[in-house]
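Enquirer: Numbering-wise, numbering that gives the first Met the number 0 puts 475 at position 476 of the sequence shown, and it's gapless, one number per residue. Ideal placement from N, C-alpha and C gives every residue a C-beta, glycine not left out.
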Amino acid sequence: MAYNPPWRSNFALAALVSWLTVGLVAAGLHGFWPVHQRPFQVLAALSIPLALRWLLPALRHSHRRARLGGSPLAFMGQDTLAQQCRRHREDIWFGWGFDWNSEHAQLSLDLIRAGPQRFVRAQSQLGAHWLHGLAARETPVWLPVEHSAGHILIVGTTGSGKTRLLDLLVTQAVLRGEAVVILDPKGDQDLQHSARLACARTGQPGRFVSFHPAFPDRSHRIDPLYSFNRATEIASRIAAIMPSVSGNDPFKSFSQMALSHVIGGILAAGERPNLVNLRRYLEGGVAALVVRVLTRCFDAQAPGWEGPAARYLGKAQDTTARARGLVRFYQEQVRADQPSTVVDGLVSLFEHDKVHFSKMVASLFPILNMLTAGALGPLLSPDSDDSTDARPITAMASIVERAQVAYIGLDSLSDGMVGAAIGSILIADLAAVAGDRYNYSANHRPVNVFIDEASEVVNDPLILSLNKGRKAGLRLTIQLGIASHRPVIIKPLQRL
0 MAYNPPWRSN FALAALVSWL TVGLVAAGLH GFWPVHQRPF QVLAALSIPL ALRWLLPALR
60 HSHRRARLGG SPLAFMGQDT LAQQCRRHRE DIWFGWGFDW NSEHAQLSLD LIRAGPQRFV
120 RAQSQLGAHW LHGLAARETP VWLPVEHSAG HILIVGTTGS GKTRLLDLLV TQAVLRGEAV
180 VILDPKGDQD LQHSARLACA RTGQPGRFVS FHPAFPDRSH RIDPLYSFNR ATEIASRIAA
240 IMPSVSGNDP FKSFSQMALS HVIGGILAAG ERPNLVNLRR YLEGGVAALV VRVLTRCFDA
300 QAPGWEGPAA RYLGKAQDTT ARARGLVRFY QEQVRADQPS TVVDGLVSLF EHDKVHFSKM
360 VASLFPILNM LTAGALGPLL SPDSDDSTDA RPITAMASIV ERAQVAYIGL DSLSDGMVGA
420 AIGSILIADL AAVAGDRYNY SANHRPVNVF IDEASEVVND PLILSLNKGR KAGLRLTIQL
480 GIASHRPVII KPLQRL
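Here it is as structure tokens:
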């Protein structure tokens, strides 16, 4: 392909005008020349084909120069998009664009050096729209669906169309009938509306699940600790969102150990761990939990233990004194024959120095407080036995298994720290679901995860999901904002 910079002078137009001028002059003067009129007639006749020879090059150059000003916004309804997706079931449509090659790179470099403002009319919209004028035409850009298993990264400056592109990809994933999880720190209403509308278009409006801490009355309740196989999984999930100076932080390690002991005790007591009861036992002390666990343990392993234990309990009036008596009875009469790692861990936590314990878990309490304060308590620690709360309960495992569409707004603009904590623990739950699918599931149906402004929720579970989630069916699309303008070759739809 010939290198044809569109900002050079339109030499073809100059040649066209010159030959037309010569022809007109020759045609006009031949009648005033009394002799030898034939040369003027021949010149006038020849100038016409010579001028037409430059007509198409002049038009092409003018058209290409005009394309540097950008093209108008494109609008598409979901009906049209659904029809297009049905025709290309194995592909994802990104919009219109072109393959960037060395010619386009050279064109853009030369235009930047020359100054695009000399050739491009002023634009009210952000972005380098002149990039779209570097190609003769733009065609639909398709990506095979299976290629998205390698994850997708969307970057661009504010207002460049990142969220609308994310909107487009979300709608197509919903129309394919796959599980969709949307983490939106901003709370974009258009993105939520498009996902809900796409569910309705598939004939399954019940697939849509919404969560937003600013609208607790309209939100589903989500249990981020629902999926686990071992108590240590939940402890690691919560510890992952704790701030840490280094990877070998003793405070973080101690907090994780304390969480593991409490979670083990809650399970041994026949309860399901949630953020609320974890906070209650860690802040208020584990004496009540010790009493419940040891009582349950003695009932199962040492029937009739009340008599021998009476001398250890004495006249204990409060929970702490009763816990001390039961711990002594366990250590002196039961542990030698029937030891329990769960009880030993809980006892060690109960006997730990209170001042040292409070210092070691000081960074854990703010996390638990953020995730359980106010309306977030019942939202993230749902109680299925609460008949007064009619809001549906779900979890990441349920969303994945039922191929639902979950829109999770984090409300980071109002409360960035709490929004980041919510997003981080839900991502950790999703990573646990991926690990469970990886270990035990043979049919890994795709799970599309869309994260808008991912810098708000980047943590170790997210990195692990990016690194190892492909085999579990996770397909992550991450959107990141950048401060300066960058070339955008694909032109996404601005609104669905």
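1) To the nearest angstrom, how far is it from the Cα of P445 to the Cα of S70?
2) Residues in its own chain within less than 7 Å of P223 by CB, not counting five upstream and five downstream?
3) Could you tell me which uninterrupted alpha helix (DSSP H) segments, each at least 4 residues in length, are contained entirely in the segment 101-153, listed from first to last along the chain?
4) How big is the Cα-Cα spacing for H211 and A419?
5) So, with DSSP's three-state summary, where would you put W92?
6) Could you tell me the boundaries of the alpha helix (DSSP H) in which S61 lies?
7) Find the nearest neighbour of Q105 within the set F10, R88, F93, L130, judged by alpha-carbon distance.
8) Below 8 Å, how does it come out for the segment 259-279 and the segment 292-304: are there three or more Cβ pairs, yes or no?
9) For L370 and V417, I'd like the C-alpha separation in whole angstroms.
10) Tell me which residue opens and which closes the beta strand (DSSP E) that Y329 is part of.
11) Taking DSSP as the reference, what is the three-state secondary structure of Y406?
12) Is V173 near the ligand ZN, going by C-beta to nearest heavy atom under 7 Å?
13) By DSSP's criteria, S209 is part of a beta bridge. Which residues make up the other side?
14) Rounding to the nearest angstrom, what Cα-Cα distance links A238 and D248 in this structure?
15) Start and end of the beta strand (DSSP E) containing F297?
16) Are the beta-carbon atoms belonging to L288 and A268 less than 8 Å from one another?
17) With a 10 Å radius around its C-beta and 16 neighbouring C-beta atoms as the bar for buried, classify D166 as buried or exposed.
18) Relative to the C-alpha of Q478, which residue among P391, G94, R279, S454 is closest?
19) Name the DSSP bridge partner or partners of Q263?
20) So, does the segment 165-185 touch the segment 83-91, judging by three or more C-beta pairs under 8 Å?
21) Measuring CB to CB, does S362 end up less than 8 Å from S440?
22) Name the DSSP bridge partner or partners of L479?
23) Closest to W53 by C-alpha separation, out of A14, V41, L67, R37, would be which residue?
24) How many Å lie between H146 and V140 at the Cα?
25) Could you tell me the distance, in whole angstroms, from the CA atom of G376 to the CA atom of A320?
26) From what residue to what residue does the alpha helix (DSSP H) around I421 run?
27) Can you give the Cα-Cα distance for G422 and G306, rounded to whole angstroms?
28) Where do the ends of the beta strand (DSSP E) carrying F364 lie?
29) From P184, R271, W18, pick the residue whose C-alpha is nearest to that of D384; which is it?
30) Could you tell me how far apart the beta carbons of A431 and L473 are, in whole angstroms, since I believe they sit closer than 8 Å?
31) Check the C-beta distance from A43 over to A26 and give it rounded, since I have them as a contact under 8 Å.
32) For the beta strand (DSSP E) that D336 lies in, which residues bound it at each end?
33) What does the Cβ neighbour count give for P381, buried or exposed, with the cut at 16 atoms within 10 Å?
34) Could you tell me whether the segment 395-412 touches the segment 178-188, where touching means 3 or more Cβ pairs closer than 8 Å?
35) Can you look up T201 in the DSSP assignment and give me helix, strand or coil?
36) Within 10 angstroms of the Cβ of R236, are there 16 or more other Cβ atoms? Answer buried if so, exposed if not.
Expert: The short version:
1) 35 Å
2) L379, I424, L425, D428
3) 101-113
4) 13 Å
5) strand
6) 54-66
7) L130
8) yes
9) 7 Å
10) Note, Y329: premise wrong, no beta strand (DSSP E); not H, not E.
11) strand
12) Because no ligand of any kind appears in the structure shown, any question about the ligand ZN cannot be addressed here.
13) Y406
14) 11 Å
15) Looking at the DSSP string, F297 is not in any beta strand (DSSP E); the run it does join, the alpha helix (DSSP H), is 286-300.
16) yes
17) buried
18) S454
19) A small fix is needed here, since residue 263 is Gly in this sequence, not Gln. Note: G263 sits in no beta bridge, so no partner.
20) yes
21) no
22) V154
23) A14
24) 14 Å
25) 30 Å
26) 415-439
27) 51 Å
28) Careful: F364 lies outside any beta strand (DSSP E), inside the alpha helix (DSSP H) at 363-371.
29) R271
30) Actually they do not touch by this definition, with Cβ atoms about 12 Å apart.
31) 4 Å
32) From DSSP, D336 is part of no beta strand (DSSP E); its letter is neither H nor E.
33) buried
34) yes
35) coil
36) buried
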